[in-house]
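Colleague: Following UniProt numbering, the numbering of the sequence shown begins with 1 at its first residue and continues without gaps.
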Amino acid sequence: MARDIYAYRQLVVESVEEGGRVVMRPASGQAYATDLNVHCSRHLSDTSVYPLGTVFLVNAKLTDRLGGDQYLYVWHGDEIKVLSDSEAEVFLGAYRRVRL
């Protein structure tokens, strides 16, 4: 089955520490709650490559697994861009969305 590219939208996520591990969460000011899980490549959680608090621009879609909790899924083959604080601010200012 082909991947539905229209289900994905650009989203800013940031690395945060929770319970002793590094996880990705949506940045504040977007359509998604900031406590929503983001499933993406483990490479983004590697603090030797990307320090804690690094902000990424990704393509993600909202999904669930067999009726479980919803989460954002980032396909491992999509391009991921590291954003500076000013780039993230510009993106968030231009693409403010109503929370889903």
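Every residue gets a Cβ at the ideal spot worked out from N, C-alpha and C, and that includes glycine.
In this text, all values refer to a predicted model and were calculated from it rather than measured experimentally.
Have a look at the DSSP bridge pairing and note the partners of residue 14.
Modeller: Answer is 25 and 55.
Colleague: Does the distance from the CB of residue 8 to the CB of residue 60 come in under 9 angstroms?
Modeller: Cβ distance < 9 angstroms, so residue 8 and residue 60 count as in contact.
Colleague: In its own chain, which residues sit with a C-beta less than 7 angstroms from the C-beta of residue 28, not counting the 5 before and 5 after it?
Modeller: The answer, listed in chain order, is 34.
Colleague: What does DSSP give as the partner residue(s) for residue 39 in the beta ladder?
Modeller: DSSP, once it has assigned bridges, lists 73 as partnering residue 39.
Colleague: Going by alpha carbons, who is nearest to residue 57 out of 71, 11 and 19?
Modeller: For residue 57, the nearest C-alpha among the options comes from 11.
Colleague: Look at the alpha carbon of residue 80 and the alpha carbon of residue 55, and state the distance between them as a whole number of angstroms.
Modeller: Roughly 10 angstroms between the two C-alpha positions.
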